[in-house]
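This report refers to the structure that appears directly beneath it.
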Amino acid sequence: MTTTPTVAFSARLRHAEHVMGTVVSFDVPLSARHDGSLEAAIGWLHWVDRVFSPYRPDSDVSLLAAGEVTADACAPEVAEVLAACARLRFLSQGYFTAFPGGRLDPSGYVKGWATERAASLLSGAGSASHLVNAGGDVQCAGTRAGGEPWRVGIADPFRRGGLALVVAARDCAVATSGIAERGAHILDPHTGRPASGLASLTVVGPSLTLADAYATAAFAMGSAVAREWTASLESYGAFAITSDGETWQTAGFARYAGHGGVLRDAHVAQAGADPRRERRRLRPVRAARIGQVVAHAQGD
Amino acid sequence: MRRVILVVTATVAGLVALLSFKTHSSDPERTVASPTTQPTLQPGERAVTGNVANTIYGPVQVRVLVKSHKIVKVNILEQPQSTNMDVQIGQYAFPRLISETLTSQSARIDAVSGATYTSGGYINSLQSALDNGA
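Below is the structure:
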């Protein structure tokens, strides 16, 4: 498992790893390669995949779900994750569940948790500046090179390749749940039907583990319930785009805003623009803010 | 194990100046000559076509246009479309992946947060395009 870039004049390294059914990209100091922490973080993610993947018949989670083993026979992290899922289920009034569709599948927790821990392996080795992005769920430490905050775009579900806004982040996590990739794939556990009312919901806060779980739970709540619930979350803020193209954000999210920067062109790529979908753009009444607001996020 | 390694070299001004790629991929993917018409190239541009990467949803193939060691455009030559959901997913996921590819060379956006996407086929075909001389 070697990573040997052929050219490396700068102090940064970007690496993309295909793992956990998605791509996890790293932006790290070169020291993370020399001291082995990038390798350790990648190895950790593959280990998590082997133990927790519901798509691997021999994973601990698959064997546990099939009743072939008990939790005692699994890696100790399995019990840790299931206990955390149970706490989140309680915190979210049942909207977060490790049993979507009735079968054990803690993936909604595992990805954020594994990614945050991968980032902490880099911190533990001394890195003060890195970003780990697991298929759109982001944990960052410090700032990017030069002291500027990391710029994390939030995908606009109605504008392909476009961004709804950009979070200027330092030492924090950004997680988004949405319908865009696989249809309405998040079920409301109370009705067993796809959650409605939201096209995308982003949570910003110190921990990706919680931000990701909160985003999943809030998305399942639908717009009105999610707005109330996310407003009650300490140290976390939420930004939502509804099915109608309206947006709202909590005071917790707004608290991060206000550092004044304006991103002039949030539309990062024209590739694949589809005029048939343009009519579903975010509504003009809010459009003045969309793509122009730079929220400033900082972990507590 | 499939890898894409991007090493970004920044100038003093912070501009991305050069990209270098190295792969550890050894997937036995078939290589297929591009069935589509060749793109119109600007001076200094080169087109490199990736292998067909087979995914459980269907084949994926990409082509990149390279100029001055930098990817300037990514075309999707082939993508899964046997079901409506495949088409919907493709309509959403590929622009995201393309924008990630391009912005990974850009100083403006460090990451894009959104609904989780799967991208194995895209990455594999992109990697082989890079291996083929991008």
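Residue numbers (this note's numbering), protein chains in the order written: chain C, 158 to 457; chain G, 307 to 440. The beta carbon of each residue, even a glycine, is placed where N, CA and C say it ideally should be.
Contacting residues, own chain, Cβ-Cβ under 6 Å from residue i (five flanking each side not counted)
i        : result
Cys242/C : Ala255, Pro263, Tyr266
Asp206/C : Val176, Met177
Thr366/C : Gly269, Trp270, Glu273
His203/C : Val176
Ala374/C : Ser249, Tyr252, Phe253
Leu371/G : Glu351, Ala353, Val378, Lys379
Thr407/C : Thr387, Ala388, Gly394, Ala395
Gly224/C : none
Ala285/C : Gly299
N-terminal and C-terminal residue of the beta strand (DSSP E) that residue i is part of
i        : result
Val368/G : 364-373
Pro186/C : 179-186
Gly362/C : 355-362
Ala326/C : 320-327
Thr404/C : 404-406
Thr399/C : 394-399
Leu390/C : Careful: Leu390/C lies outside any beta strand (DSSP E) and carries neither H nor E.
Gly335/C : 330-335
Ala255/C : No beta strand (DSSP E) holds Ala255/C; DSSP gives it neither H nor E.
Ala417/G : 417-419
is_contact[residue i, chain C] using C-beta, thresh 9 Å
i        : result
Val418/G : yes
Arg402/G : yes
Ile311/G : Reliability of the predicted coordinates at Ile311/G is poor, the pLDDT of 32 falling under 50, and the value obtained from them is presented with this limitation in mind. So yes, Ile311/G belongs to the interface.
Three-state secondary structure assigned by DSSP to residue i
i        : result
Ala249/G : A query on residue 249/G cannot be resolved here, the shown segment of chain G reaching from 307 to 440 and no further.
Ser388/G : coil
Gln296/C : strand
Val358/G : coil
Asp431/C : For Asp431/C, the predicted structure reports a pLDDT of 38, less than 50, and the residue's modelled location is therefore unreliable. The matter cannot be settled from this model.
Leu170/C : strand
Phe315/C : coil
Arg213/C : coil
Ala374/C : helix
Ser380/C : helix
Val226/C : coil
Ala271/C : helix
Ala189/C : helix
Gln397/G : helix
Leu347/G : coil
Ala276/C : helix
Ser264/C : helix
Ser286/C : coil
Gly303/C : coil
Ala291/C : strand
Val218/C : helix
Leu403/G : helix
Leu383/G : strand
is_contact[residue i, chain G] using C-beta, thresh 9 Å
i        : result
Leu288/C : yes
Asp206/C : no
Ser280/C : no
Glu301/C : Note that residue 301/C is Arg in the sequence shown, not Glu. Yes - at least one Cβ of chain G is within 9 Å of the one on Arg301/C.
Leu367/C : no
Trp270/C : no
Trp201/C : no
Ser364/C : no
Arg384/C : no
Trp405/C : no
Val374/C : At residue 374/C the sequence reads Ala, which differs from the Val that was named. No, Ala374/C does not count as interfacial toward chain G.
Cys297/C : yes
Thr359/C : yes
Ser324/C : Residue identity check: residue 324/C is Val in the sequence provided, not Ser. Closer than 9 Å to some Cβ of chain G, the Cβ of Val324/C qualifies, so yes.
Thr333/C : yes
Leu248/C : no
Gly293/C : yes
Leu486/C : Residue coverage of chain C in this structure runs from 158 to 457, which leaves residue 486/C outside it and unanswerable.
Gly310/C : yes
Val425/C : Residue confidence for Val425/C is low, a pLDDT of 31 falling below 50, so the modelled location carries little weight and cannot support an answer.
Gly314/C : Gly is not the amino acid found at residue 314/C; the sequence shown has Pro there. For Pro314/C, the answer is yes, since a Cβ of chain G falls inside 9 Å of its Cβ.
Asp215/C : no
Asp184/C : yes
Ala255/C : no
Residue range of the unbroken alpha helix (DSSP H) whose run includes residue i
i        : result
Phe209/C : 194-209
Phe247/C : 233-248
Cut-off 8 Å between Cβ atoms - residues of its own chain near residue i, not counting five sequence neighbours on either side
i        : result
Ala381/C : Gly354
Gly420/G : Arg402
Val235/C : Val208, Phe209, Asp217, Val218, Leu221, Ala228
Trp201/C : Ala271, Arg274, Ala275, Leu278
Gln387/G : Gly364, Val393, Gly396
Ser405/G : Val418
Open item on the list: If contact is defined by three or more beta carbon pairs under 8 Å, each pair taking one atom from either stretch, is the region 278-294 of chain C in contact with the region 218-227 of chain C?
Closed with: no
Open item on the list: Quick check: the region 298-318 of chain C against the region 382-392 of chain C, are at least 3 beta-carbon pairs closer than 8 Å?
Closed with: no
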